[in-house]
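Chains as they are written, first to last, in this note's numbering: chain A, 16 to 253; chain B, 16 to 253.
The beta carbon of each residue, even a glycine, is placed where N, CA and C say it ideally should be.
There are 2 protein chains.
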Amino acid sequence: MHTGCVVSCAGLAEPIPIIGGTGALGWGLARRWTEAGQAVVIGSRDTARAEQAAAKVREAVPEAEIEGLQNAEAATRGPIVILTVPFRAQSETLTNLKGALGEGQILVDCTVPVAAAVSGRATRTLGVWQGSAAQQAQEMVPDGVTVVSAFHTVSAPALAEKEEIAEDVLICGDRKADKARVAELVERIEGLRAVNAGALEMARIVETLTPLLISVNSRYKARTGIRVTGLPDSDHWA
Amino acid sequence: MHTGCVVSCAGLAEPIPIIGGTGALGWGLARRWTEAGQAVVIGSRDTARAEQAAAKVREAVPEAEIEGLQNAEAATRGPIVILTVPFRAQSETLTNLKGALGEGQILVDCTVPVAAAVSGRATRTLGVWQGSAAQQAQEMVPDGVTVVSAFHTVSAPALAEKEEIAEDVLICGDRKADKARVAELVERIEGLRAVNAGALEMARIVETLTPLLISVNSRYKARTGIRVTGLPDSDHWA
Numbered sequence: 016m017h018t019g020c021v022v023s024c025a026g027l028a029e030p031i032p033i034i035g036g037t038g039a040l041g042w043g044l045a046r047r048w049t050e051a052g053q054a055v056v057i058g059s060r061d062t063a064r065a066e067q068a069a070a071k072v073r074e075a076v077p078e079a080e081i082e083g084l085q086n087a088e089a090a091t092r093g094p095i096v097i098l099t100v101p102f103r104a105q106s107e108t109l110t111n112l113k114g115a116l117g118e119g120q121i122l123v124d125c126t127v128p129v130a131a132a133v134s135g136r137a138t139r140t141l142g143v144w145q146g147s148a149a150q151q152a153q154e155m156v157p158d159g160v161t162v163v164s165a166f167h168t169v170s171a172p173a174l175a176e177k178e179e180i181a182e183d184v185l186i187c188g189d190r191k192a193d194k195a196r197v198a199e200l201v202e203r204i205e206g207l208r209a210v211n212a213g214a215l216e217m218a219r220i221v222e223t224l225t226p227l228l229i230s231v232n233s234r235y236k237a238r239t240g241i242r243v244t245g246l247p248d249s250d251h252w253a
Numbered sequence: 016m017h018t019g020c021v022v023s024c025a026g027l028a029e030p031i032p033i034i035g036g037t038g039a040l041g042w043g044l045a046r047r048w049t050e051a052g053q054a055v056v057i058g059s060r061d062t063a064r065a066e067q068a069a070a071k072v073r074e075a076v077p078e079a080e081i082e083g084l085q086n087a088e089a090a091t092r093g094p095i096v097i098l099t100v101p102f103r104a105q106s107e108t109l110t111n112l113k114g115a116l117g118e119g120q121i122l123v124d125c126t127v128p129v130a131a132a133v134s135g136r137a138t139r140t141l142g143v144w145q146g147s148a149a150q151q152a153q154e155m156v157p158d159g160v161t162v163v164s165a166f167h168t169v170s171a172p173a174l175a176e177k178e179e180i181a182e183d184v185l186i187c188g189d190r191k192a193d194k195a196r197v198a199e200l201v202e203r204i205e206g207l208r209a210v211n212a213g214a215l216e217m218a219r220i221v222e223t224l225t226p227l228l229i230s231v232n233s234r235y236k237a238r239t240g241i242r243v244t245g246l247p248d249s250d251h252w253a
């Protein structure tokens with residue numbers, strides 16, 4: 016597959032900054048991408064915590080190209096920046112990134128507005144004025160930065176613990192070219208297929224799949240994901 | 016499988032009334048259930064239209080046990096009543112069924128509050144005050160009738176045209192025993208697996224999967240459905 020082809024895969028030579036990469040989803044993505052030969056920068060509010068998380072990735076993946084930096088510094092290191100912070104930290108984090116993000120970058124928002132952010136249930140969501148956390152992110156990023164929404168249905172522990180997965184990532188965004196670039200990163204992780212779910216506004220639906228899967232998980236004691244059935248085999252992103 | 020075992024499968028000896036069974040989803044379900052040896056009653060506001068739809072099922076499935084009746088009469092014919100009307104007709108239909116539905120019946124609500132009901136897009140939803148169309152139904156049915164939500168992600172034309180399917184039906188409801196009875200009907204249709212998605216309030220998420228799949232379908236020229244990955248093989252409903 017893509018393992019080790021950092022040079023031959025266009026656009027992947029630069030690292031992937033993961034803002035909030037010390038959290039479960041961010042760390043799991045860091046593990047999987049470094050395993051696939053992709054360089055990653057873990058961002059955190061606290062440099063020491065970022066370095067610790069990076070060291071933990073190196074333990075799991077000895078050949079990992081990874082470093083830990085403060086969020087704002089991390090965000091400058093690559094063209095496609097992943098945002099994996101809890102909903103209650105999303106707005107503050109984006110405010111702090113205003114000077115770091117710039118023209119042409121893509122911000123991949125993975126935020127889920129679960130009610131747990133305000134001590135409600137993890138199976139319930141909060142209404143976001145803009146429609147979705149991703150649309151809130153689009154409102155907050157500097158001009159020229161586009162937001163793409165992804166990774167809401169992938170189990171963080173399944174990624175982190177190297178379980179075998181075979182599922183889809185639903186991608187929302189307003190420009191197909193941006194979504195295609197994110198799709199390429201998604202599919203560098205073995206077992207993940209990228210599905211074009213539509214415009215960014217569709218994130219208001221996809222973001223609610225996390226609490227739905229949490230509800231299913233609690234009933235089945237499982238780590239579930241989503242697969243879209245009935246799609247053609249051809250490469251939609253080509 | 017279950018084909019023809021009307022006597023041996025407890026609880027399935029009575030027909031399944033499908034209110035709004037002249038529509039695409041209702042008709043597709045009627046076709047599949049009659050093919051599996053399950054008796055069906057198609058309900059419509061208009062008796063003649065109900066009889067026409069039943070006749071069309073008989074053309075596709077010569078051995079079908081099926082009849083067409085006016086909605087209120089149809090609703091008295093079986094313990095588990097399927098509601099497959101467009102969102103704009105849901106409230107009026109339930110008002111008209113107030114005298115027909117009674118203690119102990121289960122109403123399976125398949126309603127999707129798509130914005131198309133008020134000339135908006137099929138990829139957008141309307142906010143329902145009660146949280147979801149299913150919860151609106153629960154508020155409207157007579158005491159003693161319980162609402163279970165299902166069938167939102169199954170492609171109506173795929174059912175009607177006898178395409179091969181292999182996907183899940185996400186079931187929401189407040190009592191597992193009621194959901195298990197609906198699950199049994201779901202799994203009489205070849206290729207469908209019933210998944211317990213949680214309490215009835217989770218319908219507000221599952222109902223939005225229809226516009227999400229409509230968005231995917233338009234991009235891929237496909238008839239998609241949903242599969243939950245990572246579930247254990249054991250029978251959750253036993």
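Ranking Val123/A, Thr140/A, Asp124/A, Leu122/A by CA distance to the CA of Ala130/A puts Thr140/A first.
For Pro128/B, no CB of chain A lies under 8 Å from its own CB, so it is not counted at the interface with that chain. Pairing Ile241/A with Val127/B gives a Cβ-Cβ distance that is not under 8 Å.
At a cut-off of 8 Å between beta carbons, Ala198/A makes no contact with chain B.
Unbroken beta strand (DSSP E) runs of no fewer than 3 residues, entirely contained in the stretch 175-200 of chain A, are found at 182-187, following chain order. The straight-line gap separating the alpha-carbon atoms of Leu174/B and Thr168/A is approximately 27 Å.
Straight-line spacing of the CA atoms in Ile97/A and Val197/A works out to 10 Å. By the Cβ test, the stretch 86-96 of chain A is not in contact with the stretch 37-52 of chain A, since fewer than three Cβ pairs between them sit closer than 8 Å. A straight-line Cα-Cα distance of about 33 Å links Val56/B and Lys236/B.
What Ile241/B touches in chain A, judged by beta-carbon distance under 9 Å, is Ile241, Arg242, Val243, Thr244, going in chain order. Pairing Ala39/B with Glu176/A, the inter-Cα distance amounts to about 44 Å.
Residues of the stretch 206-221 of chain A with a C-beta atom less than 9 Å from some C-beta of chain B are Val210, Asn211, Ala212, Gly213, Ala214, Glu216, Met217, Arg219, Ile220, Val221, listed in chain order. Less than 8 Å separates the beta-carbon of Ala69/B from that of Gly83/B. Along the stretch 152-171 of chain B, going in chain order, the ones with a CB nearer than 8 Å to a CB of chain A are Ser170. Rounded to the nearest angstrom, the gap between the Cα atoms of Thr62/B and Pro32/B is 14 Å. Secondary structure at Pro32/B: strand, using DSSP grouped into helix, strand and coil. Take Trp252/B, set aside five residues on each side of it, and the residues of its chain with a beta-carbon closer than 6 Å to its own are Ala195, Ala198, in chain order. Straight-line spacing of the CA atoms in Leu44/B and Cys125/A works out to 36 Å.
At a cut-off of 8 Å between beta carbons, Val231/B contacts chain A. Residues of the same chain with a CB within less than 6 Å of the CB of Val231/A, apart from the 5 flanking positions on each side, are Thr239 in chain order. Note on Pro30/B: 16 or more other CB atoms within 10 angstroms of its CB, so buried under the neighbour-count rule.
Between Glu202/B and chain A, the shortest Cβ-Cβ separation is not below 8 Å. Contacts with chain B at 8 Å (Cβ-Cβ) do not include Arg47/A. Rounded to the nearest angstrom, the gap between the Cα atoms of Leu185/A and Thr99/A is 16 Å.
Here the alpha carbons of Ala192/B and Ala87/B stand approximately 26 Å from one another. A contact between stretches requires three or more CB pairs, one per stretch, nearer than 8 Å, and the stretch 212-225 of chain B meets this requirement with the stretch 143-153 of chain B. In this structure, Asp183/A places its C-beta atom within 8 Å of the C-beta atom of Val210/A. Neighbours of Glu182/A in chain B, taken as residues whose beta carbon is under 7 Å from its own, are Thr244 in chain order. Contact between Gly58/A and Ile81/A is absent: CB atoms are separated by about 12 Å, not below the 8 Å threshold. Annotation: Asn111/A to Val76/A spans about 30 Å, alpha carbon to alpha carbon. Between Leu227/A and Val221/B a beta carbon distance of about 7 Å is seen, short of the 8 Å cut, so the two are scored as contacting. Annotated three-state conformation of Val72/A is helix, per DSSP. Identification of residues in the stretch 33-47 of chain B having a C-beta nearer than 7 Å to some C-beta of chain A yields an empty set. The beta strand (DSSP E) runs lying completely inside the stretch 91-135 of chain A and spanning 3 residues or more are 95-98, 121-124, given in chain order. By the beta-carbon neighbour count (other beta carbons within 10 angstroms, threshold 16), Val133/A is exposed. Here the alpha carbon of Val201/A sits roughly 48 Å from the alpha carbon of Ala65/B.
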